[in-house]
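Enquirer:
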Amino acid sequence: MAKIKTTETDSSVIDFINTVAEDPKRNDVFELLKIMEEVTGFEPKMWGPGIIGFGSYHYKYESGHEGEAPLTAFSPRKDAISLYLSSSFENKEELLSKFGKHKAGKGCIYIKKLSDINTDILKQIISLSVDYLKKSYPSN
Numbered sequence: 001m002a003k004i005k006t007t008e009t010d011s012s013v014i015d016f017i018n019t020v021a022e023d024p025k026r027n028d029v030f031e032l033l034k035i036m037e038e039v040t041g042f043e044p045k046m047w048g049p050g051i052i053g054f055g056s057y058h059y060k061y062e063s064g065h066e067g068e069a070p071l072t073a074f075s076p077r078k079d080a081i082s083l084y085l086s087s088s089f090e091n092k093e094e095l096l097s098k099f100g101k102h103k104a105g106k107g108c109i110y111i112k113k114l115s116d117i118n119t120d121i122l123k124q125i126i127s128l129s130v131d132y133l134k135k136s137y138p139s140n
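When we follow my numbering, the leftmost residue of the sequence shown carries the number 1, and every step to the right adds one.
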């Protein structure tokens with residue numbers, strides 16, 4: 001079985017953020033850090049070399065594959081900031097319709113900058129996503 005690459009590490013979150021080359025994006029990343037820490041109540045941790053995660057949960061699929069994942073996370077990628085959330089949570093479509101400029105994948109939301117989105121909606125989305133994962137994986 002393949003080794004899971006995205007695991008929690010002891011790397012410095014602040015050192016990683018300081019590698020973000022563009023000042024506006026780096027400022028957004030520091031602001032996201034504050035938002036996610038405030039909403040989740042968890043300290044940020046590096047997951048792999050490029051993902052900042054908050055909290056964790058243990059998952060196990062019917063296939064037998066299992067592992068640990070952050071309850072919520074984000075990564076400042078070259079083209080966009082990736083927000084890693086649950087693929088399901090209460091009022092997802094309604095909230096995303098009010099969220100602002102973004103692209104959505106199954107478990108990710110991609111934004112260019114914080115000024116493109118409604119941060120109050122972001123806080124609701126983070127909270128609902130974390131609640132959904134905690135209820136879905138209660139052994140954590």
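Glycine is no exception: its CB is placed at the ideal position from the N, C-alpha and C atoms.
Do you know how far the Cα of Ser127 is from the Cα of Asn91?
Expert: Here residue 91 is taken as the residue at index 91 of the sequence shown, counted from 1. Here residue 127 is taken as the residue at index 127 of the sequence shown, counted from 1. C-alpha separation (whole angstroms): 12 angstroms.
Enquirer: State the CB to CB distance for the pair Leu85 and Ile109, rounded to an integer number of angstroms; the pair is presumed to be in contact (CB under 8 angstroms).
Expert: For the purposes of this step, residue 85 is taken as residue 85 along the sequence shown, with counting starting at 1. For the purposes of this step, residue 109 is taken as residue 109 along the sequence shown, with counting starting at 1. Right, the Cβ-Cβ distance comes to about 6 angstroms (below 8 angstroms), so this counts as a contact.
Enquirer: Can you list the alpha helix (DSSP H) stretches of 4 or more residues lying completely in the segment 50 to 100, in chain order?
Expert: Complete alpha helix (DSSP H) runs here, min 4: 92 to 99.
Enquirer: Can you tell me which of Phe16, Lys45, Phe89, Lys78 puts its alpha carbon nearest to the alpha carbon of Val113?
Expert: The count along the sequence shown starts at 1 and reaches residue 113 at position 113. The sequence given here places Lys at residue 113; Val does not occur at that position. Lys113 has its Cα closest to that of Lys78, out of Phe16, Lys45, Phe89, Lys78.
Enquirer: Determine the DSSP secondary structure at Lys135, reduced to helix, strand or coil.
Expert: To locate residue 135, count along the sequence shown from 1; it is residue 135. DSSP places Lys135 in helix when its eight states are reduced to three.
Enquirer: Less than 8 angstroms between the beta carbons of Glu37 and Pro44, yes or no?
Expert: Your numbering for residue 37 matches position 37 in the sequence shown. Your numbering for residue 44 matches position 44 in the sequence shown. For Glu37 and Pro44, yes; Cβs fall inside 8 angstroms.
Enquirer: For Ile14, list the residues DSSP reports as bridge partners.
Expert: On the sequence shown, residue 14 is found 14 positions in, with the first residue counted as 1. DSSP output for Ile14 lists no bridge partner at all.
Enquirer: Mark Lys98 as exposed unless 16 or more other C-beta atoms lie within 10 angstroms of its C-beta, in which case mark it buried.
Expert: For the purposes of this step, residue 98 is taken as residue 98 along the sequence shown, with counting starting at 1. Label assigned to Lys98: exposed.
Enquirer: What three-state label does DSSP hand Arg26 in the structure shown?
Expert: In the sequence shown, residue 26 corresponds to position 26, counting from 1. Helix at Arg26.
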